[in-house]
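Numbering (the numbering used here), first residue to last: 350 to 611.
Cβ coordinates follow ideal geometry from the N, Cα and C atoms, glycine included.
Take a look at the structure set out below.
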């Protein structure tokens with residue numbers, strides 16, 4: 350009886366999480382019944398490869414939604430990072446190109462957070478403008494054409510199968526989830542992000558600064574977008590300035606299915 354009460358309490362307190370778990374179980378059960386090859390190593394690896402990018406974008410948008418905001422520029426930021434990575438890897442080396450792409454995407458996110466926090470610009474207005482601006486910058490960086498790698502050793506590496514279902518890319522994303530989860534749960538900054546998203550007026554009245562958590566949230570969003578763009582660019586060996594437009598919608602759906610609430 351006591352166990353049933355605990356289960357009932359958990360379901361009552363975490364309806365979004367329970368819904369996400371039931372939905373995942375239902376989807377897996379459906380495909381297991383209708384597709385005999387679903388539970389194979391190849392399918393599991395393909396799912397984790399898809400998760401590597403979609404998970405990053407979903408994580409970024411989840412943090413923004415928790416903070417009471419939205420980042421509509423995430424697809425454009427990812428596309429710019431992909432273009433930078435693919436364009437400069439052959440000339441500068443993979444590490445330098447990756448670091449440049451991550452620095453640019455993270456800085457873009459942090460600047461957006463600064464404008465939202467200090468100038469009180471609405472996130473939806475600012476990020477729509479950034480979305481269009483970054484597409485133009487990406488077009489300029491790519492010379493208005495598809496950029497391609499000539500050395501495919503790195504794409505081969507990031508898609509190398511490890512531990513049956515995983516690749517270096519998917520393991521990196523799982524590590525990101527763990528780090529962000531610990532950050533949100535056990536740090537002061539994580540609690541401030543929850544506070545300004547859940548009850549902003551009360552949080553500000555209690556002395557919590559809006560500037561710091563907002564800059565952190567959008568910097569992380571930019572970092573995740575950049576990392577996702579890098580993975581896509583290196584995995585395919587090509588990048589397009591007008592590509593990755595699907596990431597915003599796909600990431601938003603992933604965030605809501607994952608249990609985040611407005």
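Selected residue, minimal CA-CA separation from residue i, among the options
i           : options            : result
residue 599 : 530, 470, 411      : 411
residue 546 : 406, 466, 514      : 466
residue 447 : 433, 482, 390, 457 : 433
residue 377 : 363, 396, 513      : 396
residue 605 : 367, 407, 455      : 407
residue 417 : 478, 440, 579, 562 : 562
residue 306 : 550, 359, 482      : What is shown of the chain runs 350 to 611, which leaves residue 306 out entirely.
residue 517 : 357, 372, 579      : 579
residue 451 : 363, 576, 361, 421 : 576
residue 499 : 478, 439, 358      : 439
residue 513 : 398, 574, 372      : 398
residue 589 : 489, 537, 372, 464 : 489
residue 559 : 463, 493, 455      : 463
Short Cβ contact (8 Å threshold) for residue i with residue j
i           : j           : result
residue 435 : residue 587 : yes
residue 613 : residue 552 : With the chain running from 350 to 611 in the structure shown, residue 613 is simply not present.
residue 405 : residue 525 : yes
residue 570 : residue 458 : yes
residue 461 : residue 475 : yes
residue 431 : residue 582 : yes
residue 567 : residue 420 : yes
residue 480 : residue 519 : no
Through-space distance from residue j to residue i, alpha-carbon basis
i           : j           : result
residue 369 : residue 415 : 17 Å
residue 523 : residue 401 : 8 Å
residue 444 : residue 485 : 25 Å
residue 601 : residue 491 : 27 Å
residue 336 : residue 442 : The question about residue 336 has no answer here: the residues shown for the chain are numbered 350 through 611.
residue 555 : residue 533 : 19 Å
residue 597 : residue 424 : 6 Å
residue 496 : residue 530 : 35 Å
residue 355 : residue 540 : 26 Å
residue 386 : residue 392 : 7 Å
residue 394 : residue 380 : 16 Å
residue 591 : residue 557 : 39 Å
residue 352 : residue 360 : 12 Å
residue 409 : residue 357 : 31 Å
residue 549 : residue 565 : 16 Å
residue 388 : residue 527 : 26 Å
residue 535 : residue 453 : 28 Å
residue 509 : residue 515 : 8 Å
residue 468 : residue 610 : 26 Å
residue 502 : residue 382 : 38 Å
residue 366 : residue 607 : 7 Å
residue 507 : residue 426 : 21 Å
residue 384 : residue 595 : 26 Å
residue 364 : residue 371 : 10 Å
residue 470 : residue 455 : 19 Å
residue 574 : residue 362 : 31 Å
Which residues DSSP lists as bridging residue i, in chain order
i           : result
residue 515 : 511
residue 497 : 587
The ligand HEM heavy atom lying under 7 Å from the CB of residue i
i           : result
residue 562 : Looking at this structure, you won't find the ligand HEM or any other ligand, since it has none at all.
Which whole runs of the beta strand (DSSP E) in the stretch 435-492 are 3 residues long or more, in chain order? Restricted to the stretch 435-492, not a single beta strand (DSSP E) segment is unbroken, complete and at least 3 residues in length.
Mind pulling the alpha helix (DSSP H) runs of 4 or more residues that sit fully within the stretch 521-571? As summarised for the stretch 521-571, the continuous alpha helix (DSSP H) elements at least 4 residues long and confined to that stretch are 537-547, 549-554, given in chain order.
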